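Colleague: Per this note's numbering, residue 49 is the first one in the sequence shown, and the count goes up by one each step. From the three backbone atoms N, C-alpha and C, an ideal C-beta is built for every residue, glycine too. Note that the structure is predicted; figures quoted are calculated from it, not measured.
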Amino acid sequence: MASKLLVAKSLSQGDFYMFVTSSTYEQVVNSIFAEEEEILAAIAFLGSGAELIFSQPDLKKSVKLICNLRSGATNPSVIDAIQKKGVLIKQNDKLHAKVLFGNKKALVGSANFSSNRLNLEGNEELSGWEEAGLLTSDINQIKSIKNWFDTLWENSRKIEDKDIDEAKLKWKERRSTRLSKKLAKHSTKFSIENFNLSDLLDRRVFLAIYRNNCFSDEAQEAYQTYEENLTEKQQHKSIKIPPMYEWPELPNNAKLIDLHYDPSGVLRCYGVFTRTHDIEFEYCDGSTGILAVCCQEEHLMGYQFGDKEAAYFAKYLKSHINKIWNSELAIGSEYGKYILLADAVKIIKEQTAINA
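Here's what the structure looks like:
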């Protein structure tokens, strides 16, 4: 409470400089939007929620915004939403600054309207990050900032529809590999309970669930031939056939959590794998079969995922696996299915809430 009173008092006085921390950053931003007739902002990276600030229903004032769209660290859907509200936006590929100002006050700081190119969004993902900035009403400094902004504005480009489309591809790619926020109290070993649902969204991490781990003679022979042709260097790598060898739609460029859901109800997890390439072979009837060759990974989302973590993960899923298996979000056949980890966790949370 004391820090908020300090901000309120400072904002009502004459020229000043004030250090702003995470606890008051949002309040200071809102005060600038409320008090200024013209808002000028050079915010390199924007994430979910920024559109609520720049497109407030009662925001009937001139607003100019420069962002770094091409980096892949700005959410293009947010930029699209802000543009549709009438805010003038340009892009600059070299922008890394975070500056917000009007005629009376200026805030220069570390905070993007996302989180420092980490591709984090929303209250859950952004909570816990420490930000800092300097707020001033020094008219000479504000004039210098205005001159800098005007030059930057002239050297920046308009945002076209094609720019939004290209940025969506980059954004999706970066979001899938964004950093996981590790808290000191958490282990460096993977535990699904360490994550909020927001931590898992947009990540290409799938549960690969199969009921039958038997291979045909033709599949076994094809893989044996493949192994015999490996070089000595390749043989040192951890390589395995996913038990659902007839699985052409199994995701590429993704982490696959290998789960054997035995018909008797027993669930086992054999680790995390990445699909590397496919081997085609021929059945005795002339039809074509597919083997998806995978390499085992030691980590998932930056956390160790070994045998102990796999066993704990299976234990965590066991009471929910039937619900996940029968979900419309699970893709496949009666022999094997895959589903996004985020969707599986959402199903678990919904089921837990119903049973509570």
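Per DSSP, what are the beta-bridge partners of Thr122 in this structure?
Modeller: Paired residues: none, contrary to the question.
Colleague: Are the segment 385-393 and the segment 255-268 in contact at 8 Å, needing three or more beta carbon pairs?
Modeller: Judged by Cβ distances under 8 Å, the segment 385-393 makes contact with the segment 255-268, as three or more pairs qualify.
Colleague: Please determine, among Asp333, Arg223 and Glu86, the residue with the shortest C-alpha to C-alpha distance to Ala4.
Modeller: Outside the shown range of the chain, which is 49 to 404, sits residue 4, and nothing can be said about it.
Colleague: Let me know the secondary structure DSSP gives Thr273 once reduced to three states.
Modeller: Residue state, collapsed to three classes: helix.
Colleague: For the candidate residues Lys366, Ile207, Tyr73 and Gln268, whose alpha-carbon lies nearest to that of Leu315?
Modeller: The shortest C-alpha separation from Leu315 is found at Lys366.
Colleague: Between Ser96 and Ala359, what straight-line distance do the alpha-carbon atoms span, to the nearest angstrom?
Modeller: Rounded to whole angstroms, Ser96 to Ala359 spans 35 Å at the Cα level.
Colleague: Is the distance from the Cβ of Leu155 to the Cβ of Val77 below 8 Å?
Modeller: Yes. Within cutoff.
Colleague: Is it buried or exposed for Ile101, if we count other Cβ within 10 angstroms and need 16 for buried?
Modeller: Its Cβ being crowded by 16 or more others within 10 Å, Ile101 is buried.
Colleague: Specify the secondary structure class of Arg205 as computed by DSSP and reduced to three states.
Modeller: Here Arg205 sits in strand by DSSP.
Colleague: Considering only their Cβ atoms, is the gap separating Ser204 from Asn123 smaller than 8 Å?
Modeller: Taking 8 Å as the Cβ cut-off, Asn123 and Ser204 do not qualify as a contacting pair.
Colleague: Return the Cβ separation of Ile207 and Ile127 in integer angstroms, given the expectation that the two are a contact with Cβ distance under 8 Å.
Modeller: Their Cβ separation, rounded to whole angstroms, is 7 Å, which keeps Ile207 and Ile127 in contact under 8 Å.
Colleague: Using beta-carbon positions only, say whether Gln344 and Thr236 come within less than 8 Å of one another.
Modeller: Contact flag unset, no.
Colleague: Give me, in chain order, the residues of the same chain whose beta-carbon lies closer than 8 Å to that of Asp310; leave out the 5 immediate sequence neighbours on both sides.
Modeller: Taken in chain order, the residues that qualify are Arg259 and Arg316.
Colleague: With distance defined between alpha-carbon atoms, name the residue in Ala89, Ser158 and Leu117 nearest to Ser110.
Modeller: Residue Ala89 is the option with its Cα nearest to Ser110.
Colleague: Report the three-state DSSP secondary structure of Asp63 (helix, strand or coil).
Modeller: Three-state DSSP puts Asp63 in coil, outside helix and strand.
Colleague: Could you have a look at His347 and say whether DSSP puts it in helix, strand or coil?
Modeller: Looking at His347 - three-state DSSP - the assignment turns out to be strand.
Colleague: With DSSP as the reference, please indicate the residues paired to Leu88 in a beta bridge.
Modeller: Its beta-bridge partners are Lys112 and Phe149.
Colleague: Looking at Gly150 and Tyr73, is the spacing between their C-beta atoms short of 8 Å?
Modeller: No, these two residues do not count as a Cβ contact at 8 Å.
Colleague: Where does Ala302 sit, in a helix, a strand or coil, going by DSSP?
Modeller: Coil at Ala302, not helix or strand.
Colleague: Is it buried or exposed, His308, if we count other Cβ atoms within 10 angstroms and call 16 or more buried?
Modeller: Buried is the call here.
Colleague: Going by alpha carbons, who is nearest to Phe321 out of Ala340, Glu241 and Ser312?
Modeller: Among Ala340, Glu241 and Ser312, the Cα nearest to that of Phe321 belongs to Ala340.
Colleague: If distances are taken between C-alpha atoms only, which option among Trp196, Glu328, Thr324 and Ile240 comes closest to Gln268?
Modeller: Checked all of Trp196, Glu328, Thr324 and Ile240; the closest Cα to Gln268 is Glu328.
Colleague: DSSP three-state label for Tyr318, please.
Modeller: If DSSP states are grouped into helix, strand and coil, Tyr318 belongs with the strands.
Colleague: Note the first and the last residue of the continuous beta strand (DSSP E) segment covering Tyr258.
Modeller: Residues Val253 to Tyr258.
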